[in-house]
Amino acid sequence: MNLEQLKYFKEKNGYTFAQLAELSGVPQGTIQKIFNGETRTPRNKTVRALEFVMKSEQQNPTPDVGTDFEDEPLGYTYGREFGSSDLVCEPSTVYKAKPGGYTLDDYYAIPDNRRVELIDGVIYDMAAPSTIHQYIIAKLLAAFDGWISSKNGGCIVLPSPLDVQIDCDDRSMVEPDLVVICDPAKRITRCIMGAPDLVIEVLSPSSTRMDTKIKLAKYASAGVREYWVIDPKRERVCVYWAPEEDIAAVYGPEDDVPVGIFGGEFHVPMSRIFEQIRLMEV
């Protein structure tokens, strides 16, 4: 897309600069400079990040603005960087709206056998995880715990189900698939109080929109230092907010993924995990 096309879709979809920043991972100041003309030749990866956000909302792009992008072929090169909206998004199940929004009182009143999350006063249903989903979490838990223990580190890794009162208020309680917490003060008996250092979510057909848009924005605003989105179907991992990166880094089926909060010293063996998943699929 050229600048005029980006402007067209921005206005058509009603995006603010803040929303574009949350969805693409590009800093808001960078986006503003592009749209007001201060940056005449933005980096290609920045433009592509914005393109993917626009593309995700356009099932039938308007021909007269010259859209010419195509879906990525399955054999594209991994390890490059782009925005989060390349991931397909599905609707999430939500409860009927409540005037003023739901609170933790409503959250705790829901039966224990019904898995939900509360985000900014909205309650979302959670589907039961698949075998592959749980296999990935088990392998990640073992890998992180083993490395942290070998370093005698002060961080801990915890899997879902686990309440995370991410904003320390009564309007949000999330349940990430896996978290790493390094501040002991955040580990209270009832839940994790505040933003984890690292959050990992494993995509499923029912959670893609939640993990790549709603939770991405929530984790960003709450101050999560690093966020991974693992896509088992496409065999790739998107890593947001790793040190010195302004948009997501994407790793493919042959890559092991460096952990940014540990300075890249520890690499998660995702290549072996994806290899084992292939044997499980029927």
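This note's numbering puts the first residue of the sequence shown at 649, with every later residue one more than the last. Backbone N, C-alpha and C fix where the C-beta goes; we use that ideal spot for every residue, glycine too.
Excluding the five sequence neighbours on either side, which residues of its own chain have a C-beta within less than 7 Å of the C-beta of residue i, listed in chain order?
| i | result |
| --- | --- |
| Val916 | Leu788, Ala791, Asp904, Val905, Val907 |
| Asp859 | Glu849, Leu851, Val877 |
| Lys681 | Thr687 |
List the endpoints of the continuous beta strand (DSSP E) containing residue i.
| i | result |
| --- | --- |
| Tyr899 | 897–899 |
| Trp889 | Trp889 -> no beta strand (DSSP E), and no H or E assigned at all. |
| Leu766 | 764–767 |
| Glu874 | 874–879 |
So the candidates are the options; which of them puts its Cα closest to the Cα of residue i?
| i | options | result |
| --- | --- | --- |
| Gly871 | Glu670, Gln680, Gln653, Leu651 | Glu670 |
| Pro809 | Cys803, Asp768, Asn761 | Asn761 |
| Pro853 | His781, Met702, Ala697 | His781 |
| Cys816 | Ala757, Cys803, Ile840 | Ile840 |
| Met774 | Ser855, Pro759, Met702 | Ser855 |
| Ser778 | Gly912, Asn800, Pro880 | Pro880 |
| Gly912 | Arg920, Pro901, Ala890, Ala865 | Ala890 |
Measuring only the C-alpha atoms, how far is residue i from residue j?
| i | j | result |
| --- | --- | --- |
| Ile878 | Val812 | 20 Å |
| Lys861 | Gly842 | 20 Å |
| Glu699 | Leu654 | 7 Å |
| Arg926 | Ala776 | 21 Å |
| Pro690 | Ser869 | 25 Å |
| Leu651 | Leu668 | 14 Å |
| Gly662 | Asp793 | 44 Å |
| Tyr755 | Thr694 | 39 Å |
| Lys660 | Leu752 | 36 Å |
| Thr678 | Val701 | 15 Å |
| Pro759 | Ile771 | 13 Å |
| Lys658 | Lys863 | 22 Å |
| Glu883 | Gly801 | 30 Å |
| Pro747 | Lys834 | 31 Å |
| Arg728 | Ala897 | At Arg728, the pLDDT of 35 sits below 50, so the modelled position is not reliable and the matter cannot be decided from this model. |
| Glu902 | Ala757 | 45 Å |
Measure the CB-CB distance between residue i and residue j and report whether it falls below 7 Å.
| i | j | result |
| --- | --- | --- |
| Gln933 | Phe665 | Missing from the structure shown is residue 933; the chain here goes from 649 to 930 and no further. |
| Glu874 | Ile829 | no |
| Glu765 | Val827 | no |
| Tyr888 | Gly673 | yes |
| Trp795 | Phe922 | no |
| Val885 | Met928 | no |
| Ile785 | Pro807 | yes |
| Ile895 | Ala697 | yes |
Alpha helix (DSSP H) containing residue i: first to last residue?
| i | result |
| --- | --- |
| Tyr867 | 863–870 |
| Ile814 | No alpha helix (DSSP H) contains Ile814, which DSSP labels as neither H nor E. |
| Leu806 | Element bounds for Leu806: not the alpha helix (DSSP H) but the beta strand (DSSP E), 804–807. |
| Ile758 | No alpha helix (DSSP H) holds Ile758; DSSP gives it neither H nor E. |
With a threshold of 6 Å on Cβ separation, who are the neighbours of residue i within its own chain once the five nearest residues in sequence on each side are excluded?
| i | result |
| --- | --- |
| Gly769 | Gly749, Tyr750, Arg819 |
| Val847 | Pro824, Val827, Tyr867, Val872, Tyr875 |
What does a CB cutoff of less than 8 Å around residue i pick up in its chain, not counting 5 residues either side in sequence?
| i | result |
| --- | --- |
| Asp831 | Gly842, Asp845 |
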